[in-house]
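One structure below.
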Amino acid sequence: MEGEKQHNDKHGNVSGECVVYPSKVGLELLIPIVLIFGIGIVSSFGQSSLTGVIVQFVLLFVFVALFFSISYEVTDEVLTVTTFFFIKKSVLIKDITRIVESNNPLSSPAASLDRLEIYYGKYNSTVISPKDKMKFIEHLKRLSPSIQVELKKKK
Numbered sequence: 001m002e003g004e005k006q007h008n009d010k011h012g013n014v015s016g017e018c019v020v021y022p023s024k025v026g027l028e029l030l031i032p033i034v035l036i037f038g039i040g041i042v043s044s045f046g047q048s049s050l051t052g053v054i055v056q057f058v059l060l061f062v063f064v065a066l067f068f069s070i071s072y073e074v075t076d077e078v079l080t081v082t083t084f085f086f087i088k089k090s091v092l093i094k095d096i097t098r099i100v101e102s103n104n105p106l107s108s109p110a111a112s113l114d115r116l117e118i119y120y121g122k123y124n125s126t127v128i129s130p131k132d133k134m135k136f137i138e139h140l141k142r143l144s145p146s147i148q149v150e151l152k153k154k155k
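Heads up: the sequence shown at position 22 corresponds to 22 in this note's numbering, and the numbers run straight through without jumps.
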């Protein structure tokens with residue numbers, strides 16, 4: 001479940017909610033990475049290369065940790081995309097113009113191909129994959145009703 005926190009301003013008044021939406025982790029992206037590194041680890045065993053096995057395990061751990069570290073934090077004014085626990089990108093919610101459902105495979109802070117493209121400012125966008133897309137969209141629409149939403153038709 002998403003984490004909800006309330007922030008107190010400098011006067012001790014509750015200023016609004018902060019909700020953290022974890023990224024959906026898609027097996028369509030995770031399984032190929034695990035297989036690729038698994039093959040590398042198995043081939044390193046065959047060559048009796050302990051260093052190669054350790055490097056492969058470390059790289060596999062980093063990739064898997066990256067997938068599970070992606071989150072999207074929504075406050076009253078800002079959407080913050082966090083990748084690998086410390087890399088953050090902030091977008092003012094008032095600058096978001098539209099949200100489009102996407103399966104765009106381009107590199108992005110999204111651990112699934114079930115994605116949303118967030119358009120903001122004049123020409124900017126970012127692709128994300130919150131686990132609960134509808135709750136995420138509803139939250140942003142509540143904060144900024146002018147956001148246009150384009151969802152794909154279900155077959």
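Ideal placement from N, C-alpha and C gives every residue a C-beta, glycine not left out. In this text, all values refer to a predicted model and were calculated from it rather than measured experimentally.
**Q.** Span separating the alpha-carbon of D114 from that of F63
**A.** Linking D114 to F63 through their CA atoms gives a straight-line distance of about 19 Å.
Q. Cβ atoms of I93 and L106: under 9 Å apart, would you say?
A. In this structure, the beta-carbon distance from L106 to I93 does not fall below 9 Å.
Q) What span of residues does the beta strand (DSSP E) with L79 cover, start to end? A) Its beta strand (DSSP E) spans residues V78 to T83.
Q.
Check for me: the beta strand (DSSP E) holding Q148 runs from which residue to which?
A. Going by DSSP, Q148 is part of the beta strand (DSSP E) stretching over Q148 to E150.
Q: Label Q56 either buried or exposed according to how many other C-beta atoms from any shown protein chain fall within 10 Å of its C-beta, with 16 as the threshold for buried.
A: Taking every protein chain shown into account, the CB of Q56 has 16 or more other CB atoms within 10 angstroms, so this residue is buried.
Q: Return the Cβ separation of L151 and E117 in integer angstroms, given the expectation that the two are a contact with Cβ distance under 8 Å.
A: Not confirmed; about 12 Å, so no contact.
Q | Contacts around F84, its chain only, beta-carbon distance under 7 Å, and the 5 residues preceding and following it disregarded | A | Excluding five sequence positions before and after F84, the CB atoms of its chain that fall closer than 7 Å to its own CB belong to L66 and S69, given in chain order.
Q. What is the rounded straight-line gap between the Cα of G46 and the Cα of S146?
A. If I take the Cα positions, the gap works out to 59 Å.
(Q) With H, G and I counted as helix, E and B as strand and the rest as coil, what does DSSP make of T126? (A) Three-state result, T126: strand.
Q | Spatial neighbours of L140 in its chain, beta-carbon cut-off 8 Å, leaving aside the 5 residues before and after | A | Counting only Cβ-Cβ distances below 8 Å, and skipping sequence neighbours, we find V74, L79, I93, I96, I99 and I147.
Q.
On a Cα-Cα basis, can you pick out the residue from Y72, L59 and I31 that is closest to D132?
A. Answer by Cα proximity: Y72.
Q.
In the DSSP assignment, the alpha helix (DSSP H) including I70 goes from what residue to what residue?
A. For I70, no alpha helix (DSSP H) segment is defined, and its DSSP state is neither H nor E.
Q.
Cutting at 8 Å between CB atoms, please list the residues of its own chain near G26, excluding the five before and the five after it.
A. A111, S112, L113, D114 and S129.
Q: Answer yes or no: do D76 and E138 have a C-beta to C-beta separation smaller than 9 Å?
A: No.
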